[in-house]
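Engineer:
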Amino acid sequence: MNFSYALSDVCKMIANSPREAPARIVEYLHDGFPHYDWVGIYWVEGPDLVLGPWKGPAATEHTRIPIGKGVCGAAAASGKTEVVADVSKDPRYLACFTSTKSEIVVPIRAGTRVIGEIDIDGRELGAFGPEDQQFLEAVAALLATLWPAVPATPSRA
Ligand code: SME
847 MNFSYALSDV CKMIANSPRE APARIVEYLH DGFPHYDWVG IYWVEGPDLV LGPWKGPAAT
907 EHTRIPIGKG VCGAAAASGK TEVVADVSKD PRYLACFTST KSEIVVPIRA GTRVIGEIDI
967 DGRELGAFGP EDQQFLEAVA ALLATLWPAV PATPSRA
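Numbered according to our numbering, the sequence shown spans residues 847 to 1003.
#1: Hey, out of K915, C942, P899 and A973, whose CA is closest to L880's CA?
#2: With DSSP as the reference, label D932 as helix, strand or coil.
#3: Name the residue from P893, L971 and Y888 whose alpha carbon lies nearest to the alpha carbon of W900.
#4: In chain order, what residues of the same chain have a beta carbon less than 7 Å from the beta carbon of V930, not counting five sequence neighbours either side?
#5: Does G975 pass the burial test, meaning 16 or more other C-beta atoms within 10 Å, or should it be called exposed?
#6: Given 7 Å as the limit, tell me if I964 has its C-beta closer than that to any heavy atom belonging to the ligand ATP.
#7: Could you give the DSSP three-state label for G1004: helix, strand or coil?
#8: Tell me the rounded alpha-carbon separation between T909 and V872.
#9: What would DSSP say about K926, mapped onto helix, strand or coil?
#10: Quick one: what's E949 bridged to in DSSP?
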């Protein structure tokens, strides 16, 4: 899957069906990029990140993560993308799946405020490179345009 082609598809999903867009984008990313093994969106709710739509081989036990905890919580606290090439070497890592070797977490920011994040696990060490980061930051910026209407959608957690 080509990143610029995918970005234009994401744009269309947001324009055509804003309410369903987060779930559709999660599915699209998961199905379109084989190295995106588990894809989820967490939304900020008060002091926590709460799991919204996700797609992957299994459900995670981490459906609510305090901001500041784990790799997810670190990205939410700083507002900066976290790329972890080897999760076994990152003491912040909250384990979900034994198959996960690497992770990327991209904050969704409305202005300076973090409203959520895209979290992707990979089965390979160093699965995520600068192109993934650039692409996913662009996807996150598009998702941010849905705020404030869409993150208010009740999540499953
Ligand atoms: N590994 C994350 C927790 C979420 S799961 O990957 C779905 C973390 O360290 O914050």
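Glycine included, every Cβ here is placed at the ideal spot set by N, Cα and C.
Just so it is clear, the structure is predicted and the values come from calculations on it, not from any experiment.
Structural biologist: The relevant details are as follows:
#1: For the purposes of this step, residue 880 is taken as residue 34 along the sequence shown, with counting starting at 1. Reading off the sequence shown, one finds Pro at residue 880, where the question assumed Leu. Considering only alpha carbons, the answer is A973.
#2: The count along the sequence shown starts at 1 and reaches residue 932 at position 86. Reduced to three states, the DSSP call for D932 is coil.
#3: For the purposes of this step, residue 900 is taken as residue 54 along the sequence shown, with counting starting at 1. Considering only alpha carbons, the answer is Y888.
#4: Counting from one through the sequence shown, the residue named residue 930 turns up at place 84. These residues qualify, in order along the chain: V917, D936, Y939, S948 and E949.
#5: The residue labelled residue 975 in the question sits at position 129 within the sequence shown. Classification of G975: exposed, given that the 10 Å Cβ count is below 16.
#6: Although the ligand ATP was asked about, the structure shown includes only the ligand SME as ligands.
#7: With the chain covering only 847 through 1003, there is no way to say anything about residue 1004.
#8: Looking up residue 909 in the sequence shown gives position 63. Looking up residue 872 in the sequence shown gives position 26. Rounded to the nearest angstrom, the two C-alpha atoms are 16 Å apart.
#9: Residue numbering aside, residue 926 sits at position 80 when the sequence shown is read from its first letter. K926 falls in the coil class under three-state DSSP.
#10: Taking the first residue of the sequence shown as position 1, residue 949 is located at position 103. E949 pairs with V930 and D967.
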